[in-house]
Structures are given as C-alpha cells and as structure tokens.
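In the numbering used here, the protein residues as written are 16 to 396. Where a beta carbon is used, it is the ideal one built from N, C-alpha and C, also for glycine. A quick note: this is a predicted structure, and the numbers were derived from the prediction, not measured. Working notes, structure below.
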Ligand code: GDP
Ligand code: MN
C-alpha cells in the first residue's frame, strides 16, 4: 500500500524526521481556509500515489495568496500519469541549497533491504542508478541502522561534521520507520539542505508491504481511499485478488500463474483482458458468484472466460457458483468455461443439465479463442 506524501510525512514527523509543516486540501475553498496560516513563499504539491510530480507540473511555488490559489486550482485540475489529483499539500516553501537522496527498499536479487544514499538527490534515482551508479552509496541491512553504521554512511555523503551528524540521525530514524511499518520502500527525495544548514525531508514516500497489513493496523488511518479502485477493495474482502485492466474480456481463474497464462493466451488470440481475477485455491461457490458480480460491473466486458485447473479447487464448486450466479444476476454476455481436474465430469454434467448458455471449452487455448471471438451459434444452441 502506497502512502501519499502527506501521510508518509506524518509518520516521519512522529519518528522525529524533520519535515515542513503543512496542510492538506481537496478544493480551492479548503486551500483558502488554511492558506493564511502559512508564510510565503508556499509550495503546493499534488498528492497522488505516483512519483515525478515535479516534472508533471504537480509541484509549484507561490509568493502571494492570489498566486497560491491560482496554482492550487491548476494542480487540482491536473491529471498526473492518468491519475486525477484529488488533494494538495500546502506548506511553507523551503529555500534549497542542495538536494540529497536517502531511501531504503527491498532488493529482491539479494532478498535483503538495501539502504541507499547519494549526493545526487532531487532527481529520478533510477536514472542515477543507470547513468552514474558510483554516485550511490549502498549498504544491505536486516535491522535498523545502529549509530556507528549510520554515521559511517552519513560521513560518505556529508563533509561537514555537523551536517553528517544531522544526516546520521535522519538515516537511523528512516531505517526505524522502514522496519516498524514493514515497508517495501521508505524514501526521502529530496533530503534538502536549507541556507540555515538544516536537513529536511521535502518529499516522503512510504510503501507498506500489503502482506503485512494484517499487523499494521495503524496505517489503516493513513490510507487514501479516494485513489483506490472500489472493486479491487471489495474483491480483497472476499479473498479474491482482482486487478482492473482496460480490455473487454472478463477472466476468472484459479491461481495467479494460471491467471497470467490465461491473459497471455487471450492476447495471443488478439483479445485484451478486462481484468486479472484469481479466485484462489479452495474456491467456494460464493467466491465465484462475487467474482462474476465484480467482472460484470465493468461495462466494457463483452465475454467472460472462466479457466479452472481443479486441484484443491473442485470444478463442481465452480460450476455450482456459476449456476447460482446465473440465477441471481442478469448475465447477458457469452460465458466460456474450461474446467479440468478434480470433479470435472460432475461439473460438466451440472452445467449441461442446467441448460444455461455456458459454452464449455476443452482446452485453455480454445476457451480463450472463443472468448475473443464468440459466435452466435455457440451461445444459442
Ligand atoms: P516529486 O517530483 O514527485 O518527487 O516531488 P518532490 O516533492 O520531490 O518535488 C519535486 C521538486 O520540487 C524537488 O526536488 C524540489 O526541487 C522542488 N521542491 C519541493 N518542495 C520544495 C520547497 O519547499 N522549496 C523549493 N524551493 N523547492 C521545492
Ligand atoms: Mn521527490
């Protein structure tokens, strides 16, 4: 789960990492209500769950009240990387002497968190990693930095000892945030040096590992529901993993690997999947019903391909759920089913006996092909 900048800064603040004090607003009216509490110049920043906001026009400075309102209005009407801006953060702008980078992320290659810091901050860190990897100072860690480790890292970036000690304190606190919140990423970019020789986190980014959310109840209050897909959240509650995509072929599959393969085969036949939907291992009929309901809410869906490899998942459970779904919903798109494995014979018989317009396919490829180009005779026998 990605936390927005302002939410990440709340966490930083509670761990004693210096940030700018600011306000959050979701309309120009709300900006007006808080703006007089700030000194100029102010900085107005789009709160969206993507990076590169600066380049996209989502971070602007303003010297007067009028200018601030105008820029807030502009930013609130922006669309950054396909995401409409719903909130802005307004804070007193800092003067910046130099920008540094500090972040901790999981390095999957070494299965370890890696602490990274650099004199080259403010810019895209992936870019630095590509073009100037020697500018990155790295250390693999498996627990929060100890004072001596943190100092050693800080002195590689800062020549001035007082700054190095300030940085060391921030590094240590950031590593504490990373482990306390089960993060995939905890990042400050830029960590800015102000003319008064203070280091401040001007940007903040925290991604909490979704698999740890069960024990991270606290971050629940910091999540931003306005950027979440309601279908994806609803699916999660039912133990389904659902990701909305932009095509028109609904997919219901058991197992993430099979779901990926199914989407590939749909693409092979020239189609575009409308979603990724994994009903999981031991799927009960309820899950199948819910899955159908969520898929059908998408108006783009013109056919549905159900691809089940029965193991622990029993094909007759799937068939039962499907028949129930037809009984309780208005399903007016072609449904193609490929069931193989545990109880497939029972399942096929149930579907046949039901007399429902469900086409069964013998192979995954045939099923995908039929879903991509269904013909009338297939569905109105
Ligand atoms: P990002 O583009 O999404 O990473 O957003 P950032 O919060 O990192 O802002 C982008 C850039 O805007 C920073 O690298 C800074 O150069 C600049 N910026 C952000 N906040 C301030 C501020 O308070 N004062 C000044 N002068 N520049 C800022
Ligand atoms: Mn940034």
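Let me know the secondary structure DSSP gives residue i once reduced to three states.
i           : result
residue 21  : helix
residue 257 : strand
residue 109 : coil
residue 289 : coil
residue 220 : strand
residue 35  : coil
residue 389 : coil
Tell me which residues share the same chain as residue i and place their Cβ nearer than 7 Å to its Cβ, disregarding the 5 neighbours each side in the sequence.
i           : result
residue 329 : 357, 358
residue 25  : 237
residue 326 : 356, 357
residue 254 : 295, 302
residue 331 : 358, 361, 362, 365
Apart from the five residues on each side of it in sequence, which residues of its chain come closer than 8 Å, Cβ to Cβ, to residue i?
i           : result
residue 125 : 155
residue 43  : 84, 87, 88, 91
Would you report the Cα separation of residue i and residue j, rounded to the nearest angstrom?
i           : j           : result
residue 193 : residue 149 : 24 Å
residue 285 : residue 247 : 26 Å
residue 191 : residue 66  : 23 Å
residue 57  : residue 216 : 16 Å
residue 267 : residue 198 : 30 Å
residue 49  : residue 40  : 8 Å
residue 312 : residue 195 : 38 Å
Specify, as a first and last residue, the run of the alpha helix (DSSP H) that residue i falls within.
i           : result
residue 176 : 176-195
residue 304 : 300-311
residue 143 : 140-146
residue 378 : From DSSP, residue 378 is part of no alpha helix (DSSP H); its letter is neither H nor E.
residue 277 : 271-283
Between residue i and residue j, is the Cβ-Cβ spacing less than 9 Å?
i           : j           : result
residue 280 : residue 343 : no
residue 75  : residue 19  : no
residue 269 : residue 296 : yes
residue 136 : residue 219 : no
residue 130 : residue 153 : yes
residue 38  : residue 105 : yes
residue 265 : residue 228 : no
residue 180 : residue 117 : no
residue 222 : residue 27  : no
Looking only at its own chain, which residues have a Cβ that is under 6 Å from the Cβ of residue i, when we skip the five neighbours before and after it?
i           : result
residue 341 : 371
residue 242 : 64
residue 54  : 107
residue 33  : 215
Quick one: give me the first and last residue of the beta strand (DSSP E) that residue i is part of.
i           : result
residue 353 : 350-356
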